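Asker:
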Amino acid sequence: MGCMDRMNELEEEVVCITNHSASKTICLDKWVLEVAAIGLKTRKNKSYTVLRKKGLASEPEFLRSVAYRQFFCFIWDFTRNSTRLPLPCCVYHIIRETFPSDNGNYRGFIEDDENIIDEPNTDSGDLS
């Protein structure tokens, strides 16, 4: 199932899933993301919020990472840390537009990199 399948399940008709009101609330609202992060763990079973407090991610990086996870759960109803799939380009675009990086640089989806958490750039959802 992908975003087009999910859009067909939703009552609101939109051309792109990023325009759906649920998507905007679940994935782009700072306070929803802050609360959602409380329950998130990295692939190394570390708390997202603790990692943020340790300074491993700026606020925009942190919010982008949580937003990517939120979108993934919204579309695929799946939260296991080991499952990683690239998101649609429109999703990356709207999340990066909402929570821009300080320098305009972003790292895209990286397939199965276990050492990601040790790197400072967490933009592709790599806190997970």
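Residue numbering for the sequence shown follows UniProt numbering, starting at 1 and increasing by one per position. The C-beta atom is built at its ideal place from N, Cα and C for all residues, glycine as well. Just so you know, these numbers come straight off a predicted model, no measurement behind them.
Reducing DSSP to helix, strand and coil, say where Ser47 ends up.
Answerer: Position 47 of the sequence shown, counted from the first residue, corresponds to residue 47. If DSSP states are grouped into helix, strand and coil, Ser47 belongs with the strands.
Asker: Report all residues from its chain with a CB closer than 7 angstroms to the CB of Arg96; omit the five preceding and five following residues, and keep chain order.
Answerer: If you number the sequence shown from 1, residue 96 lands on position 96. Same-chain partners within the cutoff: Arg64 and Tyr106.
Asker: So, are the CB atoms of Val32 and Thr42 less than 8 angstroms apart?
Answerer: The residue you call residue 32 lines up with position 32 of the sequence shown. The residue you call residue 42 lines up with position 42 of the sequence shown. Cβ atoms of Val32 and Thr42: not closer than 8 angstroms.
Asker: Excluding the 5 residues flanking Ser47 on each side, which residues of the same chain have their C-beta closer than 7 angstroms to its C-beta?
Answerer: Sequence index remark: in the sequence shown, residue 47 carries index 47 (1-based). Excluding positions up to five away in sequence, the list reads Lys41.
Asker: Return helix, strand or coil for Lys53, following the three-state DSSP convention.
Answerer: Counted from its first residue, the sequence shown places residue 53 at position 53. Of the three classes helix, strand and coil, the one that applies to Lys53 here is helix, per DSSP.
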